[in-house]
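Structure record follows, encoded as structure tokens.
Numbering (the working numbering), first residue to last: 1124 to 1199.
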């Protein structure tokens, strides 16, 4: 692998890790909006709370999981 290919690979991985974090954060905000307001459902819904927790979990541990997958050598 050339130096340029390796740089491109690490740049793409860095971008993906940040997109996972940003996506999880947006999911948390939309879930709280679902839970606490009338934006999506009249009176709000309790489904927003567990969905917010799930998105928070993804936001915190998704990048760590992705990095672990990249670190593990592929099986033959």
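Note that beta-carbon positions come from the ideal geometry of N, C-alpha and C, so glycine has one too.
Is residue i close to chain D? Criterion is C-beta to C-beta, closer than 9 Å.
i            : result
residue 1185 : This model lacks chain D altogether; it includes just one protein chain.
Where residue i and residue j are concerned, what is the direct C-alpha to C-alpha distance, given to the nearest angstrom?
i            : j            : result
residue 1168 : residue 1162 : 11 Å
residue 1173 : residue 1151 : 10 Å
residue 1127 : residue 1135 : 12 Å
residue 1157 : residue 1191 : 32 Å
residue 1133 : residue 1193 : 10 Å
residue 1146 : residue 1125 : 31 Å
residue 1198 : residue 1148 : 33 Å
residue 1181 : residue 1137 : 16 Å
residue 1165 : residue 1131 : 47 Å
residue 1187 : residue 1129 : 20 Å
residue 1183 : residue 1196 : 23 Å
residue 1141 : residue 1178 : 14 Å
residue 1189 : residue 1139 : 9 Å
Considering only residues of the same chain and omitting the five flanking positions on each side of residue i, which have a CB-CB separation below 8 Å?
i            : result
residue 1159 : 1167, 1171
Might you give, ordered along the chain, the residues of its own chain that have their beta carbon closer than 7 Å to the beta carbon of residue i, omitting 5 neighbours on each side?
i            : result
residue 1175 : 1151, 1154, 1155, 1158
residue 1185 : 1143, 1147
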